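A short write-up of the structure that comes next.
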Amino acid sequence: GLAHRTTYILQSGIGHASHMMEGFIEGLNTRRPALFNIYAVCQPEHGVADDASEIQSKLAVESRAYPLFRYNPDKGITVQECSDIEGNAAIDADWVTYKLDYVDEAGRSSSMELPLTFADFALSEGRFRKHFRAAPRDAWNDSMMPLAEFIDLPEDEREGIFPYIWGVDKRNRLIRAIPSAELVDSTIERRNFWRLLKGLVGLDKTVDPEQIANDVRTEMMQKLSAGLWSMVSGGGAANLATAFMPGSSGGAVATPGAGVSADFTPAWIDSAECTACDECTKINSKIFVYDDKKRAIIKNPKGGPFKDIVKAAEKCPVKIIHPGTPANPNEKGLDKLIKRAEKYQ
4 GLAHRTTYIL QSGIGHASHM MEGFIEGLNT RRPALFNIYA VCQPEHGVAD
54 DASEIQSKLA VESRAYPLFR YNPDKGITVQ ECSDIEGNAA IDADWVTYKL
104 DYVDEAGRSS SMELPLTFAD FALSEGRFRK HFRAAPRDAW NDSMMPLAEF
154 IDLPEDEREG IFPYIWGVDK RNRLIRAIPS AELVDSTIER RNFWRLLKGL
204 VGLDKTVDPE QIANDVRTEM MQKLSAGLWS MVSGGGAANL ATAFMPGSSG
254 GAVATPGAGV SADFTPAWID SAECTACDEC TKINSKIFVY DDKKRAIIKN
304 PKGGPFKDIV KAAEKCPVKI IHPGTPANPN EKGLDKLIKR AEKYQ
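This is the structure we're talking about:
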């Protein structure tokens, strides 16, 4: 569909009803062809319970098997301007994490945080059963490695290593399930496809600490040169001091407007009324997290764009998220976002 360039495209699932309905409305209202690609579970074919459709649909999205995606040519000219992967959890990471509850060897209840890979999703459906075999506990050894770590190794370092994913048996005891080579390849393909989608929307940029350090050194040298030149030309020592003020450029005094807004008010939540619906944490888990009582709180009000905070406020079923003001006054489309946020303040 994307190759046509002028076609509206929605990829969604029945487990993400808001995203799906928004896409339907947007696509049907556009004056162009629209393609709707919706993940829906077939219980007998997939080998899942009759009441598991919504859960499996969510797993398909969160395991990167079927990520949420929209392409709207009305949004701009470039692929980046038209593409949107909002609604996916843990957008910055390769995998979403989940908590696996189990009973340890002493009979105590325990849990651990694990990456939710495509293979973990496959383990939950009967149609993929033939692609797994359980490793006997007495055969566990140091040559075994979690699948998410295994696929990050260079190919020439994988020889002699057996990837596995964690699961539980009928007694809720830990097992190591070894996936087939085909399933390992599928997991790599789904990870790479997720990275491709991030590249389409411009989220594939990596941070190079050395380059940042070089940029800072270059900027400092430019400011020093500007300050010294001001002294030579009669500006005096005051201009040299001004050159090193945060946000200054060649002796210009810094003013609010770049970076964090001078009157920034962070977002806040009426946490006592939280229903633990997961809407906000799925939008941006760097801003929103749960406390130990499963109530949403603000982890970092500057952990993402203001649009994520506004969207979370709109999605919240009990309307307890108050967006505050944007931390970045240069964020795209800020006037519209502030207008949308007004009703939730």
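Residues 4 to 348 (this note's numbering) are what the sequence shown spells out, left to right.
Virtual Cβ for every residue (Gly too), placed ideally from N, Cα, C.
Keep in mind it's a predicted model, so treat the numbers as computed, not measured.
Inset, instruction - Find out if the Cβ-Cβ distance for the pair A1, P304 is shorter than 7 angstroms. - result: With the chain covering 4 to 348 only, the question about residue 1 has no answer from this structure.
Legend entry - Residues near S113 by beta carbon distance below 8 angstroms, same chain, minus five either side: D104, Y105, V106 and D107
Inset, instruction - Could you say which of G90, E89, G110 and M115 lies nearest to T100 if we only look at CA atoms? - result: M115
Inset, instruction - Inspect the beta-carbon positions of G90 and H22 and report whether they are closer than 7 angstroms. - result: yes
Legend entry - For T100, the residue or residues it bridges with in DSSP: P118
Inset, instruction - On a CA-only basis, which of D97, V313 and P308 is nearest K201? Give me that one, please. - result: D97
Inset, instruction - Taking only runs that begin and end inside the stretch 166-195, name each unbroken beta strand (DSSP E) of 3 or more residues, in chain order. - result: 177-182
Inset, instruction - Consider the Cβ of K342: report whether some Cβ of chain D lies at a distance smaller than 7 angstroms. - result: Of the protein chains in the structure, only one exists, and it is not chain D.
Inset, instruction - Grab the span of the alpha helix (DSSP H) containing V82 for me, first residue to last. - result: V82 to C85
Inset, instruction - Identify, in the order they occur along the chain, each residue of the same chain with its Cβ nearer than 6 angstroms to the Cβ of C85, setting aside the five sequence neighbours on each side. - result: Y74, N75, P76, K78 and G79
Inset, instruction - For N287, count neighbouring C-beta atoms within 10 Å of its own C-beta (all shown protein chains included) and say buried if the count is 16 or more, exposed if not. - result: buried
Legend entry - Endpoints, the alpha helix (DSSP H) within which S21 is located: A20 to N32
Inset, instruction - Count the C-beta pairs between the stretch 18-37 and the stretch 53-66 that are closer than 8 angstroms, then say yes if the count reaches three, no if not. - result: yes
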